[in-house]
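Beneath this line is the structure, given in C-alpha cells, with notes to follow.
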Amino acid sequence: MKLNELSPGEVFSYFEKICSIPHGSGNTGMIADYCLEFAKLHGLKARKDAADNVVIFKAGTSGYEDCEPVILQGHLDMVCEKEPDCDIDMSVQSIKACTDGKMVWADGTTLGADDGIAVAFILAVLASDTIAHPPIQAVLTSDEEIGMLGARDLDTSELTAKRLINIDSESEGILYVAVLVV
Ligand SMILES: [Zn+2]
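Residue 54 in the working numbering sits at position 55 of the sequence shown; the count goes up by one each step and never skips.
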C-alpha cells in the first residue's frame, strides 16, 4: 500500500514528498526550498529567512478575509537515526516510508513524522481551495530538534497574527495553542 492511499490523501501525498527530501537537523536547505517552490506553484507569498525558516502567507477564504490571521506552525527538521545495517545516507538520500494501512514507518531509519506530518498538514491546508479559513501565516521553522535554533532566529517582521497553533505535541490529537495578549 502506498502512503498517498491513506486518508487524507493530500496530507499523505505531501508527507511522502517530504520523506523523499533529506531534512535532518542542520540540513534543512532542500526542504525549505521545496516549501518555497510549493508556495510559488500555488501563487502564495513566501519567504525564507537567514535561519532557513520558511513563512508562507495565504489570504482568508471567502467570508473570512477580514478575520484575525492565525499562525500554523511546525518544524522542518527531523532527527536522523538508522539501523546499523541500513545503508541509506540520510544527508543526501530519501528515506523509505512504508505503510500497511494502519501504521506508517520508515524502512531502517527514523520516519521524521516529527515534524514532517505537521508540514504536510500545513501544506495541504495551504493548497486546498475547499477548506474555509482565516488568513494563514504558516511558520515552518528549522532546527527545532537541536535547540529550536530556527524559532530563536525567526524573522517575525511580517507576522501579525496573535494566535498560533503549534502542530508538534507528543500526543495524538493534541495541539498547542498560544494567544498573544497585548
Ligand atoms: Zn518536533
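Even glycine gets a Cβ: it sits at the ideal position worked out from N, Cα and C.
In this structure, DSSP gives I17 a helical state, which the three-state scheme calls helix. Pairwise C-beta distances place the region 124-134 out of contact with the region 93-108, as fewer than three of them are shorter than 8 Å. Per the CB criterion, closer than 6 Å to any heavy atom of ligand 1, the qualifying residues run in chain order as H74, D113, D114, E143 and D167. When rounded, the separation of the alpha-carbon atoms in M77 and C18 is 10 Å.
In the DSSP annotation of this structure, the continuous segment of the beta strand (DSSP E) that includes L163 starts and ends at R162 to N165. Leaving aside the five residues that flank L122 on each side, the residues in its chain whose CB is nearer than 7 Å to its CB run, in chain order, Y13 and F37. If you draw a straight line from the Cα of E15 to the Cα of E9, it comes to about 10 Å. In the structure shown, the three-state DSSP call for C97 is strand.
Every unbroken stretch of the beta strand (DSSP E) spanning 3 or more residues and falling wholly within the region 64-98 is given here in chain order: 69-74 and 96-98.
When beta bridges are read from the DSSP output, K57 appears opposite I135. Cβ-Cβ distances below 6 Å link D154 to D48 in the same chain, with the five nearest sequence neighbours on each side left out; the list follows chain order. Note on geometry: alpha-carbon atoms of G25 and C66 lie some 36 Å from one another. Here K57 is buried: its Cβ has 16 or more other Cβ atoms, across all protein chains shown, within 10 Å. Setting aside the 5 residues that flank it on each side, G62 is surrounded in the same chain by A131, each with a C-beta closer than 8 Å to its C-beta; the list follows chain order.
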